[in-house]
Amino acid sequence: MDNQARLIINGGKRLEGEICVQGSKNSALPLLSASVLVHGESTFHNCPKLSDIDASCRILACLGCKCKRSGDTVTVDAGQISEYEIPDCLMRRMRGSVIFLGSVLGRTGRCRLSFPGGCEIGSRPIDLHLSALRQMGAVITEEHGYLDCETPAGLHGAKITLSFSSVGATENILLAAVLANGVTEIHNAAREPEIVDLADCLNKFGAKISGAGESTIYIEGVQRLEPNEHTVIPDRIVAGTYMCAAAITRGELILTHCEPSHMNGFIPVLEQMGVRVYPYGGGKIYLNSRKRLAAPSTVRTMPYPGFPTDVQAPFTALCSTAEGTSVFVETIFENRFRHVSELVRLGASVKVEGNVCVIEGVKKLSGAKLCASELRGGAALVVAGLAAEGVTEITGVNYIERGYETIENELRSIGADIKKVQLV
Ligand code: EPZ
């Protein structure tokens, strides 16, 4: 986690070239949790090199697993689980570690972790996770900032209806249900590709899951999961971010190792803006954007397959120089426009009212000193800085590195004048 660094961008360069898209952070994290359920060695290929992945491997080690990385492959040996508590310091480092709750409970029958707090983009409650696990027989006490969970009679199947299609809650229920007694149904389940990837992987390990990717998922509990290997799906959010980066510089980009079908929530918005996007075989997408873009019609973030909340920030950066007025409605998180005040420092004309953001496109942005305060908002500042005339400096690089592998190297490889320097 490099919190003493900053990105220096000399903007205005047209980006042109090819980027290989990294594996999905939001798939790799639940997959690493799933390895706890396996009596033996799980192998994950195309695992991105990110600080959040490192944090998950530290949690696995605390639980008694042996983790090792060789290039893009991470291997986890969960033959011996000696612990069911996740250290507070690691929970605080990454609130998404709550995804270990379902797998640790499923494997050991117990789990203790500190309450995952909120973050910059919202309060991030986990009420849906806890109520579902309680329906499956977990006894969960919440006191002194800790969740103490046990399953006196083991976990059993249940018919669960989520009031919101929560990604994390769907994942925790899947992880808890695969070794539970009986059948679990999840209604109004999240349909994200990362859910399908988790189910595909668990089925390779011997689970019996059907319906992943639809609104109702069925899990028939089995006795044991066996070691196997799995390749993490491409990161659709990183792909979308680089598409915004190329588009804002009126550039040309080929993305490889991506999955165009996972991006149908936002490619139409790019096309509506005047970006030419051509998905073609073999996991490749070609994009070019030669002229000034036009503002899209209102963009509303939605659960998959709608417009993903995680690309909202990079798209607001892209729209800051598009002709016309863009409107974004953020329906998933309550505080996901924090990056806008930094875009205004570059000369963007943006107003936020509650969960609505209105952008009047300007012809030019000009470089400034900016501060990233969360992952996707930080990526949005990079996108805007690439188009801004002059020098843009961005601190808070550690936030960006939670989700983007060496973003400065990827962008430099397609013509950006960007470097990472240590704060003196
Ligand atoms: C996952 O977060 C992703 N994180 C997020 O990506 C992503 O933005 C989000 O899904 C939505 O797609 C990972 O996969 C690690 P949710 P998660 O549960 O699971 C409310 C990134 O930038 N809610 O679908 O936390 C919640 O408050 C990150 O990579 C409850 O009310 O998302 C929020 O408003 C950011 N109660 C909404 O649902 C609950 O018990 C979406 O949450 C759970 C959620």
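Letter by letter, the sequence shown follows residues 1085 to 1508 in the numbering used here. Cβ atoms here follow ideal geometry from the backbone N, Cα and C, with glycine treated the same way.
Neighbour-count burial assignment, residue i, 16 or more Cβ in a 10 Å radius
i                  : result
glycine 1095       : buried
proline 1071       : Given that the chain is displayed from residue 1085 to residue 1508, the structure contains no residue 1071 and the question cannot be resolved.
asparagine 1493    : exposed
glycine 1366       : exposed
alanine 1222       : buried
tyrosine 1362      : exposed
histidine 1346     : buried
glutamine 1106     : buried
histidine 1314     : buried
phenylalanine 1412 : buried
proline 1114       : buried
phenylalanine 1399 : buried
glycine 1324       : buried
glycine 1190       : buried
glycine 1206       : exposed
arginine 1360      : exposed
arginine 1374      : exposed
tyrosine 1168      : buried
leucine 1281       : At residue 1281 the sequence reads aspartate, which differs from the leucine that was named. Classification of aspartate 1281: buried, given that the 10 Å Cβ count is 16 or more.
lysine 1435        : exposed
isoleucine 1364    : The question names isoleucine, but residue 1364 is tyrosine in the sequence shown. The residue in question, tyrosine 1364, is exposed, as its Cβ has fewer than 16 Cβ neighbours within 10 Å.
lysine 1109        : buried
leucine 1099       : buried
Anticipated Cβ contact below 8 Å, residue i with residue j, distance rounded
i                  : j               : result
glutamine 1506     : alanine 1089    : 6 Å
leucine 1402       : isoleucine 1369 : About 16 Å; that fails the 8 Å criterion.
valine 1424        : valine 1383     : Actually they do not touch by this definition, with Cβ atoms about 14 Å apart.
leucine 1286       : leucine 1258    : 7 Å
arginine 1429      : alanine 1406    : Contact flag wrong, Cβ pair sits at about 19 Å.
leucine 1470       : alanine 1329    : 6 Å
leucine 1174       : leucine 1144    : Contact flag wrong, Cβ pair sits at about 10 Å.
glycine 1124       : glycine 1186    : With 8 Å as the limit, glycine 1124 and glycine 1186 do not qualify as a contact, their Cβ atoms being about 19 Å apart.
phenylalanine 1289 : leucine 1263    : At roughly 10 Å, the Cβ-Cβ gap does not stay under 8 Å, so phenylalanine 1289 and leucine 1263 are not in contact.
Residues that DSSP places opposite residue i in a beta bridge
i                  : result
cysteine 1195      : Cys1233
glutamine 1506     : Ala1089
asparagine 1094    : Val1475
leucine 1454       : Ile1478
lysine 1150        : Asp1161
phenylalanine 1128 : Val1158, His1314
lysine 1435        : Val1442
isoleucine 1103    : Leu1339
glutamate 1226     : Leu1231
valine 1120        : According to DSSP, valine 1120 bridges with nothing at all.
Distance, residue j Cα to residue i Cα
i                  : j                  : result
isoleucine 1332    : phenylalanine 1184 : 38 Å
asparagine 1256    : isoleucine 1279    : 10 Å
arginine 1376      : methionine 1327    : 15 Å
isoleucine 1224    : leucine 1217       : 9 Å
proline 1236       : leucine 1214       : 16 Å
glutamate 1234     : isoleucine 1303    : 21 Å
alanine 1432       : lysine 1447        : 9 Å
alanine 1378       : glycine 1358       : 6 Å
threonine 1409     : asparagine 1348    : 23 Å
proline 1318       : alanine 1296       : 18 Å
aspartate 1501     : glycine 1305       : 53 Å
valine 1188        : arginine 1142      : 15 Å
cysteine 1509      : serine 1119        : With the chain represented from 1085 up to 1508, any question about residue 1509 goes unanswered, as that position is not in the structure.
arginine 1179      : aspartate 1172     : 10 Å
asparagine 1419    : arginine 1334      : 30 Å
alanine 1274       : serine 1299        : 7 Å
glutamate 1489     : isoleucine 1103    : 12 Å
phenylalanine 1421 : serine 1457        : 11 Å
isoleucine 1491    : isoleucine 1137    : 16 Å
isoleucine 1478    : glycine 1241       : 48 Å
histidine 1271     : leucine 1197       : 27 Å
proline 1387       : phenylalanine 1248 : 9 Å
glycine 1480       : threonine 1268     : 42 Å
isoleucine 1498    : leucine 1371       : 13 Å
Residue i: CB within 6 Å of a non-hydrogen atom of the ligand GTP
i            : result
leucine 1113 : Within the structure as shown, the ligand GTP is missing, the only ligands being the ligand EPZ.
Please specify which runs of the alpha helix (DSSP H), each continuous and at least 4 residues long, are wholly inside the segment 1231-1299, giving them in chain order.
1251-1261, 1277-1288
List, from N- to C-terminal side, the alpha helix (DSSP H) runs of 4 residues or more that fit wholly inside the segment 1297-1344.
1320-1332
Segments assigned beta strand (DSSP E), at least 3 residues, entirely inside the segment 1343-1431
Given a length threshold of 3 residues, each whole run of the beta strand (DSSP E) inside the segment 1343-1431 is given here in chain order: 1360-1364, 1368-1372, 1409-1413.
Sequence ranges, beta strand (DSSP E) only - wholly within the segment 1166-1223, length at least 3
1194-1198
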